[in-house]
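Asker:
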Amino acid sequence: MSTTFFDRDAGGARLLWGVAALASVAIALASFRYLVGFGPMPEPIMANAYANPWLPVHVAAAATALLVGAFQFLGGVRRRWPALHRWTGRVYVFACLVGAVSGFVLALGTTTGPVATAGFGTLSVAWLITTLLGWRRATQRRFAAHRAWMIRSWWLTFAAVTLRIYLGASFATGLPFELSYPAISFLCWVPNLIAAELYLRRQSA
Numbered sequence: 184m185s186t187t188f189f190d191r192d193a194g195g196a197r198l199l200w201g202v203a204a205l206a207s208v209a210i211a212l213a214s215f216r217y218l219v220g221f222g223p224m225p226e227p228i229m230a231n232a233y234a235n236p237w238l239p240v241h242v243a244a245a246a247t248a249l250l251v252g253a254f255q256f257l258g259g260v261r262r263r264w265p266a267l268h269r270w271t272g273r274v275y276v277f278a279c280l281v282g283a284v285s286g287f288v289l290a291l292g293t294t295t296g297p298v299a300t301a302g303f304g305t306l307s308v309a310w311l312i313t314t315l316l317g318w319r320r321a322t323q324r325r326f327a328a329h330r331a332w333m334i335r336s337w338w339l340t341f342a343a344v345t346l347r348i349y350l351g352a353s354f355a356t357g358l359p360f361e362l363s364y365p366a367i368s369f370l371c372w373v374p375n376l377i378a379a380e381l382y383l384r385r386q387s388a
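Residue 184 is where the sequence shown starts when you use our numbering, and the numbers rise one by one after that.
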């Protein structure tokens with residue numbers, strides 16, 4: 184990204200980023216443990232018709248995007264180590280593309296009906312498009328547009344965190360998975376994207 188994420192209201196933006204970054208790292212590490220056998224996947228998730236092999240692919244890609252994504256917005260890193268920013272950016276883009284494609288396949292195999300398929304499928308398409316547009320704007324050296332599209336992409340990546348928040352709340356309150364999951368398929372990312380748009384509009388005002 185070409186400019187720092189913290190252009191205005193630096194204190195509040197840094198606090199928000201800090202919380203988001205910590206949550207992202209925590210969820211990424213928790214996700215990686217499934218790939219190395221340190222815990223079973225939740226049974227309703229494993230019931231997906233395309234869980235094998237697409238679920239491990241999606242988990243690995245989304246966790247990688249979470250792990251490197253938030254740190255791309257640190258202006259100090261970009262200014263001091265621009266090559267590092269570019270290379271980690273490439274890792275982020277590749278991880279998002281793999282995560283989006285595998286996520287779309289998994290959306291088609293969900294066991295909770297067409298609403299969940301629509302929710303997660305739309306998320307995957309939006310994630311793919313925002314990431315590709317962000318990458319394309321960087322190659323065109325249109326850095327302001329690059330930054331804006333990558334902010335949108337990042338908050339869609341962050342759906343991996345908000346998904347788990349809503350799932351945890353659903354399990355804690357005893358809501359049936361087949362009822363809560365379709366709603367969560369939209370709740371985990373639509374508010375994130377709205378927040379990103381509001382932030383960008385405020386920055387451009």
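The beta carbon of each residue, even a glycine, is placed where N, CA and C say it ideally should be.
#1: Here's the rule I'm using: 16 or more other beta-carbon atoms within 10 Å means buried, otherwise exposed. How should V219 be labelled?
#2: Could you check the C-alpha separation between N231 and G292 for me, to the nearest Å?
#3: Around the Cβ of N375, are there at least 16 other Cβ atoms within 10 angstroms (buried) or fewer (exposed)?
#4: Residues in the same chain with beta-carbon distance under 6 Å from A136, minus the five sequence neighbours each way, listed in chain order, please.
#5: Once the 5 residues before and after V298 are set aside, which same chain residues still bring their CB inside 6 Å of it?
#6: Under 8 Å, with one C-beta from each stretch per pair, do the stretch 264-271 and the stretch 301-311 reach the 3-pair mark?
#7: What's the C-alpha gap between E380 and L315?
#8: So, for A278: in the same chain, excluding its five sequence neighbours on each side, which residues have a beta-carbon less than 7 Å away from its beta-carbon?
#9: Given W332, which residues of its chain have a CB within under 7 Å of its CB, disregarding the five upstream and five downstream residues?
#10: Which of the three DSSP states is assigned to G357 in this structure?
#11: To the nearest whole angstrom, what separates the beta carbons of L289 and Y233, a pair I think is in contact under 8 Å?
#12: Check whether the Cβ atoms of Y382 and I334 lie closer than 8 Å to each other.
#13: Which class does W372 belong to by DSSP, given the choice of helix, strand or coil?
#14: Measure the C-alpha to C-alpha separation of G201 and F256 and round it to an integer number of angstroms.
#15: Once DSSP output is grouped into helix, strand and coil, what is the label at F341?
#16: Taking A339 as the reference, which of L358, C371, R273 has the closest Cα?
#17: Are the CB atoms of F326 and A203 nearer to each other than 8 Å?
Answerer: Put simply:
#1: By the neighbour-count rule (16 or more Cβ atoms within 10 Å), V219 is not buried but exposed.
#2: Their Cα atoms are separated by approximately 5 Å.
#3: By the Cβ-count criterion, N375 is buried, with 16 or more other Cβ atoms from all chains shown falling within 10 Å of its own Cβ.
#4: There is simply no residue 136 to check, as the chain begins at 184 and stops at 388 in what is shown.
#5: Excluding five sequence positions before and after V298, the CB atoms of its chain that fall closer than 6 Å to its own CB belong to P365, given in chain order.
#6: No, they do not touch.
#7: Between E380 and L315, the alpha-carbon positions lie close to 18 Å from each other.
#8: The answer, listed in chain order, is A244, T247, A248.
#9: Cβ neighbours of W332 beyond the five flanking positions: T313, L316, G317, R320.
#10: Here G357 sits in coil by DSSP.
#11: That pair is a contact at about 6 Å.
#12: Taking 8 Å as the Cβ cut-off, Y382 and I334 qualify as a contacting pair.
#13: Coil, per DSSP.
#14: Per the coordinates, the alpha-carbon of G201 lies some 11 Å from the alpha-carbon of F256.
#15: F341 sits in coil when the DSSP states are folded into three classes, being neither helix nor strand.
#16: The sequence shown places Leu at residue 339, not Ala. Among L358, C371, R273, the Cα nearest to that of L339 belongs to C371.
#17: Taking 8 Å as the Cβ cut-off, F326 and A203 do not qualify as a contacting pair.
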